[in-house]
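Chemist:
Residue numbers (the numbering used here), protein chains in the order written: chain A, 18 to 281; chain B, 18 to 281.
1) Are the beta-carbon atoms belonging to residue 130 of chain A and residue 108 of chain A less than 8 Å from one another?
2) Can you pull the chain B residues whose beta carbon is under 7 Å from the beta carbon of residue 158 of chain A, in chain order?
3) I need the straight-line Cα distance from residue 165 of chain B to residue 174 of chain B, nearest angstrom please.
4) Using DSSP with H/G/I as helix, E/B as strand and the rest coil, what is residue 92 of chain A?
5) Smallest Cα separation from residue 44 of chain B: which of B:202, B:58, B:246, B:196?
6) Compute the distance between the beta-carbons of residue 213 of chain A and residue 153 of chain A, then report whether it is under 8 Å.
7) Determine the closest residue to residue 110 of chain A out of A:85, A:65, A:73, A:120, with distance taken between C-alpha atoms.
8) Establish whether the CB of residue 85 of chain B and some CB of chain A are separated by less than 8 Å.
9) Would you say residue 123 of chain A reaches chain B, if we count a Cβ-Cβ gap shorter than 8 Å as a contact?
10) Among residues of its own chain, excluding the 5 on either side of residue 61 of chain A, which ones have a beta-carbon nearer than 7 Å to its beta-carbon?
11) Quick check on residue 127 of chain A - is its C-beta less than 8 Å from some C-beta in chain B?
12) Tell me the DSSP bridge mates of residue 110 of chain B?
13) Taking 8 Å as the cut-off, decide whether the C-beta atoms of residue 82 of chain B and residue 276 of chain B are in contact.
14) Assuming residue 74 of chain B and residue 48 of chain B make a contact with CB atoms under 8 Å, what is their CB distance in whole Å?
15) Whole angstroms are fine: how far does the CA of residue 216 of chain A sit from the CA of residue 53 of chain B?
16) Looking at the secondary structure, which residues open and close the beta strand (DSSP E) in which residue 186 of chain A lies?
17) Between which two residues does the beta strand (DSSP E) harbouring residue 252 of chain A extend?
18) What three-state label does DSSP hand residue 206 of chain A in the structure shown?
19) Which residue's Cα is closest to the Cα of residue 28 of chain B: B:134, B:38, B:76?
20) Between A:183, A:102, A:92, which has its C-alpha nearest residue 140 of chain A's C-alpha?
21) State the DSSP-derived secondary structure class of residue 166 of chain B, mapped to helix, strand or coil.
22) Quick check on residue 148 of chain B: buried or exposed, where buried means 16 or more other Cβ atoms within 10 Å of its Cβ?
23) Could you pull out every residue in the same chain whose Cβ sits closer than 7 Å to the Cβ of residue 264 of chain B, ignoring the five residues on either side in sequence?
24) Go through its chain and collect everything with a Cβ distance to residue 266 of chain B's Cβ below 6 Å, but skip five positions before and after it.
25) Which residues in the same chain have their Cβ closer than 6 Å to the Cβ of residue 268 of chain A, if we skip the five residues on either side of it in sequence?
26) Starting from the C-beta of residue 200 of chain A, find all residues in its chain whose C-beta is less than 6 Å away, skip the five residues before and the five after it, and write them out in chain order.
27) Is it the case that the Cβ atoms of residue 125 of chain B and residue 36 of chain B are separated by a distance below 8 Å?
28) According to DSSP, is residue 41 of chain B part of a helix, a strand, or is it coil?
29) Can you tell which of B:211, B:195, B:190, B:209 has the C-alpha that lies nearest to the C-alpha of residue 203 of chain B?
30) I'd like the list of long-range same chain contacts for residue 33 of chain A, defined as Cβ closer than 6 Å, with 5 residues on each side in sequence excluded.
31) Distance check for residue 205 of chain A and residue 143 of chain A, CA to CA, integer angstroms please.
32) How would you label residue 89 of chain B, buried or exposed, when you count the other beta carbons within 10 angstroms and need 16 or more for buried?
33) Quick one: Cα of residue 72 of chain A to Cα of residue 94 of chain A, how far?
34) Please determine, among B:196, B:272, B:197, B:184, the residue with the shortest C-alpha to C-alpha distance to residue 163 of chain B.
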């Protein structure tokens with residue numbers, strides 16, 4: 018578990034927006050022996066600082082292996098006052114400097130700025146936005162391989178959207194979390210869910226302050242059962258009441274999921 | 018050069034639609050020592066026929082190395098009457114059979130059907146549609162690497178669209194073809210061109226019965242000069258009149274270009 022860290026005021030905190038191809042990492046979070054986004058970006062920052070100081074990066078969302086991000090947010094503290102002075106007037110150089118150590122890594126920093134006072138990428142987030150993309154056609158795509166979940170049978174996106182609306186509000190989401198989810202409290206407030214069709218794609222957007230482990234992917238797996246006619250729209254209501262994970266749909270594959278935006 | 022071939026009527030001709038990731042091939046056309054889409058698909062079909070007979074595949078457009086297709090069309094003849102009888106009632110099995118030999122190849126057959134009488138993928142085509150995608154933002158994308166041309170400076174898509182309209186009609190397009198273009202006649206009729214912005218993407222769509230070598234990519238390179246303010250809208254008119262390749266813009270990179278549809 019990451020810990021909140023209080024820093025003295027002469028340290029400068031940097032807010033980053035990070036895009037990554039989830040298939041090139043074993044998730045966001047640092048692990049032994051396996052490559053993570055967190056460690057990859059930390060390493061790039063350390064290299065920019067000539068390896069003199071190690072940095073610790075805090076992310077807004079701990080995406081799993083295979084899950085992509087176009088709008089992950091993270092922060093780190095510039096490790097000493099001297100470096101802070103050097104980079105304060107050169108945030109753009111800092112930004113492209115980090116990216117120069119991320120070439121061919123599968124991750125890229127899309128924005129960098131001095132964080133406002135008291136900012137914490139994880140703790141200060143008030144809304145996280147995820148998008149899930151399904152390719153709904155006969156044949157898989159080679160252009161978009163590992164970017165969408167391929168489902169052959171035609172999905173009823175209108176029924177899926179109707180069912181999706183039942184998620185909005187504050188619920189015990191025990192039926193929609195992984196067995197490995199360590200959150201003590203399974204109650205979450207879902208602010209918006211929308212399912213829409215765009216040609217042969219079905220796109221599911223979900224926003225909430227925070228999520229349980231695998232929550233979006235289990236929501237998607239369950240909505241797909243409704244889109245296929247295996248379950249009816251009111252199945253969502255039953256799951257929210259039963260709180261039974263085994264009655265919910267399968268966990269949708271990670272490579273269709275994108276962390277698109279974090280609001281503060 | 019491919020030659021038209023007249024086939025006897027007891028042969029069955031199959032029309033395929035092919036999607037491929039252009040970055041995984043040295044173009045459509047078969048070559049010595051380098052992997053092409055044409056050879057890859059021919060090889061998959063031959064394997065389905067137990068290698069007993071080789072097949073020859075004819076494509077609607079000879080896309081270059083790096084150029085993608087979502088709607089390339091090709092045809093081949095089932096090599097003998099016995100095989101034709103076997104597959105006539107099983108076109109769907111033929112389709113998925115070919116795809117089973119294309120797994121991880123970077124190409125996939127998205128549709129297969131018995132071609133109408135006299136059909137020829139190249140000669141019968143009455144319209145070819147290409148799409149070019151530019152990612153117009155500060156930082157490159159890792160999610161869409163090799164799928165779009167990344168341009169940092171803001172493009173004036175309205176000026177580009179205005180300029181694009183000047184291409185519509187029948188023109189000598191000598192200024193817009195590669196030095197290696199072997200076409201005897203550089204006159205072509207462009208049916209439609211459109212430039213539009215979709216968020217941080219600028220999308221250019223062009224349709225014509227036929228194209229010169231590198232034509233779309235040189236048109237895009239030239240429109241980008243107008244979008245950047247390096248050239249004015251009426252520059253297109255001057256190029257069409259001067260017929261001078263050296264005055265046109267650079268050839269846009271291949272990986273932003275998609276052959277999306279062929280009409281018959």
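The C-beta atom is built at its ideal place from N, Cα and C for all residues, glycine as well.
Modeler: Let's see:
1) Closer than 8 Å, so yes.
2) For a Cβ distance threshold of 7 Å, residue set 36 of chain B lies close to residue 158 of chain A, ordered along the chain.
3) Note on geometry: alpha-carbon atoms of residue 165 of chain B and residue 174 of chain B lie some 16 Å from one another.
4) Three-state DSSP puts residue 92 of chain A in a strand.
5) Between residue 44 of chain B and the set B:202, B:58, B:246, B:196, the nearest pair of CA atoms involves B:58.
6) No Cβ-Cβ contact shorter than 8 Å links residue 213 of chain A with residue 153 of chain A.
7) Residue nearest to residue 110 of chain A within the set A:85, A:65, A:73, A:120 is A:65 (criterion: CA-CA distance).
8) Contact with chain A is found for residue 85 of chain B, since one of that chain's Cβ atoms lies less than 8 Å from the residue's Cβ.
9) When Cβ-Cβ separations below 8 Å define contact, residue 123 of chain A makes contact with chain B.
10) Excluding sequence neighbours, residue 61 of chain A sits near 115, 118, 119.
11) Chain B contact via Cβ: present.
12) Bridge partners of residue 110 of chain B: none, in fact.
13) The answer is no: Cβ separation not under 8 Å.
14) Not a contact, Cβ separation roughly 14 Å.
15) So the alpha carbons of these two residues sit roughly 30 Å apart.
16) For residue 186 of chain A, the uninterrupted beta strand (DSSP E) segment begins and ends at 186-189.
17) Counting along the chain, residue 252 of chain A falls outside any beta strand (DSSP E), though it belongs to the alpha helix (DSSP H) covering 252-259.
18) Note: residue 206 of chain A maps to strand in three-state DSSP.
19) In this structure, B:134 is the residue among B:134, B:38, B:76 with its C-alpha nearest to the C-alpha of residue 28 of chain B.
20) Checking every option, the nearest Cα to that of residue 140 of chain A belongs to A:92.
21) Residue 166 of chain B: strand per DSSP, three-state reduction.
22) Burial is judged here by how many other beta carbons sit within 10 angstroms of a residue's own beta carbon; residue 148 of chain B has at least 16 and is buried.
23) Its chain contains 192, 256 as the residues whose beta carbon lies nearer than 7 Å to that of residue 264 of chain B, once the 5 sequence neighbours on both sides are disregarded; these appear in chain order.
24) Result list for residue 266 of chain B: 238, 239, 242, in chain order.
25) Once the five neighbours on either side are set aside, the close Cβ partners of residue 268 of chain A are 231, 234, 235, 238.
26) Hits under 6 Å: 229.
27) In terms of Cβ geometry, residue 125 of chain B and residue 36 of chain B form a close pair [threshold 8 Å].
28) Three-state DSSP puts residue 41 of chain B in a helix.
29) Ranking B:211, B:195, B:190, B:209 by Cα distance to residue 203 of chain B puts B:190 first.
30) Within the same chain, residue 33 of chain A has close Cβ partners 91, 126, 129.
31) Cα to Cα, the separation comes out at about 13 Å.
32) So residue 89 of chain B ends up on the buried side.
33) When rounded, the distance between both Cα atoms is 7 Å.
34) Nearest C-alpha to residue 163 of chain B: B:272.
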